[in-house]
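Here's the structure we're looking at; comments come further down.
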Amino acid sequence: MAGAFAASIYQTLIRRNAVYLTSIFAGAFVFEVAFDTSTNKVWDTWNRGRQWKDIKHQYINKAEEEDDE
Amino acid sequence: MALSSASTSLLRACARQQLSTTRAVVASCQRNSSTFESPFAAKDTTKIPDFSKYASKKGPRSNQVFSYFVAGTMGLASAVGAKATVQDFLVNMSASADVLAQAKVEIGLATIPEGKNVIIKWRGKPVFIRHRTADEIKEAQEFDWKTLRDPEADEDRVQKSEWLVMLGVCTHLGCVPIGESGDFGGWFCPCHGSHYDISGRIRKGPAPLNLEVPAYNFPDEETLIIG
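One line per chain: the protein sequences are A and B, in this order. Under our numbering, the first residue of the first sequence is numbered 1, with each subsequent residue one higher. Under our numbering, the first residue of the second sequence is numbered 1001, with each subsequent residue one higher.
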């Protein structure tokens, strides 16, 4: 079972060096996007209610009301 | 005197020799008391230890795949790290948001009446904005610009023909020309007498080029952004 799995991975990804390198760089791209997204999400969760984008609507609305007056 | 020194050196040599002989005697006594085993005695030297305990139970292919996976993960991590490093340096070199914001000037056009000049400061240089009248536009457009020193059509110098925007720096030696003066109803540089027409083109005097037009755009009807 494990041997068949390893053999299939070897045949698809590792056997040809071009495929191997391409999959490494593609994996790097995917990993970077996933890593950035997840760390940003963690940061936003950690600082919920404390960032400008969280409190922006209060001040923007207030400024518009003052303009209207 | 010489003799006495020779005798002392002889004595010293004797003492030294005696010491070394006693040492040798002591050493030989110790050697005799220990046993000696020859390393060349008949012995089975071809016995190989049993490594089967450490051998992998998995097939050779899965071990190979594991090695390649580790190497590939290393390559992936270094690719991400290298990209992030290069990107950080490039981001560091580019202009920050406050610098970019200072590099632009926004002007409300409703306050500039027709036929009036406005001079504003942009990146440390004066910028002329003229709200041209219909007559001035006509004059600027119908002039035969191909005979000029720096031939340029009025259409190429303005985005909206009623708004003329250009740097207020004389192309001769960098003085600031005076508006609504000169022989051609445009700008006149008092330093060396360059005359610019109502499109900012050099018509007379030493200046080699027309007044420079900066990058600008109209986000809406009433606003002008230079930069």
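Every residue gets a Cβ at the ideal spot worked out from N, C-alpha and C, and that includes glycine. Treat the numbers as computed from the prediction; the structure is a model and nothing was measured.
(request) Using a Cβ-Cβ cut-off of 8 Å, state whether B:G1072 counts as contacting chain A. (result) Counted from its first residue, the second sequence places residue 1072 of chain B at position 72. The beta carbon of B:G1072 falls within 8 Å of a beta carbon belonging to chain A, placing the residue at that interface.
(message) Since B:I1107 and B:I1120 should fall inside the 8 Å C-beta cutoff, what is the C-beta to C-beta distance between them, to a whole number of angstroms?
(response) Looking up residue 1107 of chain B in the second sequence gives position 107. Looking up residue 1120 of chain B in the second sequence gives position 120. Rounded, the Cβ-Cβ distance is 6 Å, consistent with contact.
(request) Find the residues of chain A that neighbour B:V1065, judging by a C-beta separation of less than 7 Å, and give them in chain order. (result) Along the second sequence, read from residue 1 onward, the residue named residue 1065 of chain B stands at position 65. In chain order: A6, I9, Y10 and I14.
(message) Spatial neighbours of B:W1122 within its chain, please: C-beta separation below 6 Å, excluding the five flanking residues on both sides.
(response) Within the second sequence, the letter at position 122 stands for residue 1122 of chain B. The answer, listed in chain order, is V1105 and I1226.
(message) Three Cβ pairs or more, each shorter than 8 Å: is that satisfied between the segment 1199-1213 of chain B and the segment 1169-1185 of chain B?
(response) Enough Cβ pairs lie closer than 8 Å, so yes.
(request) Would you tell me roughly how many angstroms separate the C-alpha atoms of B:E1222 and B:K1116, rounded to the nearest one? (result) Walking along the second sequence from the start, residue 1222 of chain B turns up at place 222. Walking along the second sequence from the start, residue 1116 of chain B turns up at place 116. Their Cα atoms are separated by approximately 16 Å.
(request) Could you name the residues that DSSP lists as bridge partners for B:W1229? (result) In the structure as shown, chain B starts at 1001 and stops at 1227, and residue 1229 of chain B therefore has no counterpart that could be examined.
(request) Taking only beta-carbon positions, decide if A:A28 is within less than 8 Å of chain B. (result) What you label residue 28 of chain A is simply residue 28 of the first sequence in a count that begins at 1. With 8 Å as the cut-off, A:A28 counts as an interface residue toward chain B.
(request) Within the same chain, show all residues whose beta-carbon is closer than 7 Å to that of B:G1174, passing over the 5 residues directly before and after it, in chain order. (result) Here residue 1174 of chain B refers to the residue found at position 174 when the second sequence is read from its first residue. Excluding residues up to 5 positions away in sequence, nothing lies with its Cβ nearer than 7 Å to the Cβ of B:G1174 in the same chain.
(request) Let me know if A:R48 comes out buried or exposed under the rule of 16 or more other beta-carbons within 10 Å of its beta-carbon. (result) Counted from its first residue, the first sequence places residue 48 of chain A at position 48. A:R48 comes out exposed.
(request) Quick one: which residues of the segment 1042-1068 of chain B get their C-beta closer than 9 Å to a C-beta of chain A? List them in chain order. (result) Those residues of the segment 1042-1068 of chain B that come within reach of chain A (Cβ to Cβ, closer than 9 Å) are K1058, G1059, R1061, S1062, N1063, Q1064, V1065, F1066 and Y1068.
(message) So within the segment 1080-1110 of chain B, which uninterrupted beta strand (DSSP E) runs reach at least 3 residues, ignoring any that extend past its ends?
(response) 1105-1108, all fully within the segment 1080-1110 of chain B.
(request) Output the boundary residues of the alpha helix (DSSP H) element that contains B:R1157. (result) For this step, residue 1157 of chain B is matched to residue 157 along the second sequence. Taken as a continuous stretch (DSSP letters only), the alpha helix (DSSP H) holding B:R1157 covers D1154 to R1157.
(request) Check B:N1210 in the structure and name its three-state DSSP category. (result) For the purposes of this step, residue 1210 of chain B is taken as the residue at position 210 of the second sequence. The answer is coil: DSSP assigns B:N1210 none of H, G, I, E or B.
(request) Kindly list, in the order they appear in chain B, the residues whose Cβ is closer than 7 Å to that of A:A2. (result) Walking along the first sequence from the start, residue 2 of chain A turns up at place 2. The CB of A:A2 comes closer than 7 Å to the CB of K1058 and S1062 in chain B, given here in chain order.
(message) I'd like to know if A:I24 contacts chain B, where contact means its C-beta is closer than 8 Å to some C-beta of that chain.
(response) The sequence position of residue 24 of chain A within the first sequence is 24, counting from 1. Yes, its Cβ sits closer than 8 Å to a Cβ of chain B.
(message) Could you give the first and the last residue of the continuous alpha helix (DSSP H) run that contains B:K1138?
(response) Taking the first residue of the second sequence as 1, we reach residue 1138 of chain B at position 138. Following the DSSP letters along the chain, one finds B:K1138 inside the alpha helix (DSSP H) bounded by residues A1134 to E1142.
(request) Hey, could you find the ends of the beta strand (DSSP E) B:V1169 is sitting in? (result) Here residue 1169 of chain B is taken as the residue at index 169 of the second sequence, counted from 1. Taken as a continuous stretch (DSSP letters only), B:V1169 belongs to no beta strand (DSSP E), as it is neither H nor E.
(request) Could you say if the segment 2-13 of chain A and the segment 1060-1071 of chain B meet the contact criterion of at least three C-beta pairs nearer than 8 Å? (result) With a cut-off of 8 Å, the segment 1060-1071 of chain B and the segment 2-13 of chain A count as touching, because enough Cβ pairs lie within range.
(request) Would you verify that the beta carbon of B:G1075 is, or is not, closer than 8 Å to some beta carbon of chain A? (result) One-based indexing of the second sequence puts residue 1075 of chain B at position 75. Taking Cβ atoms only, chain A reaches closer than 8 Å to B:G1075, which makes this a yes.
(message) According to DSSP, simplified to helix, strand and coil, what is B:A1002?
(response) By one-based count along the second sequence, residue 1002 of chain B stands at place 2. With a pLDDT of only 49 at B:A1002, under 50, the local geometry of the prediction cannot be trusted, and the value read off the model is given with reservation. In this structure, B:A1002 counts as helix in the three-state DSSP scheme.
(message) Let me see if you follow: with CB-CB separation under 8 Å, is A:Y20 close to chain B or not?
(response) Numbered from 1 along the first sequence, position 20 holds the residue referred to as residue 20 of chain A. A:Y20 counts as touching chain B.
(message) Can you tell me whether B:R1149 is helix, strand or coil according to DSSP?
(response) Here residue 1149 of chain B is taken as the residue at index 149 of the second sequence, counted from 1. Per DSSP, reduced to three states, the secondary structure at B:R1149 is coil, with no helix or strand assignment.
(message) Run through chain A and tell me which residues come within less than 7 Å of B:A1140, C-beta to C-beta.
(response) What you label residue 1140 of chain B is simply residue 140 of the second sequence in a count that begins at 1. Result: empty, since nearest Cβ-Cβ is about 39 Å, beyond 7 Å.
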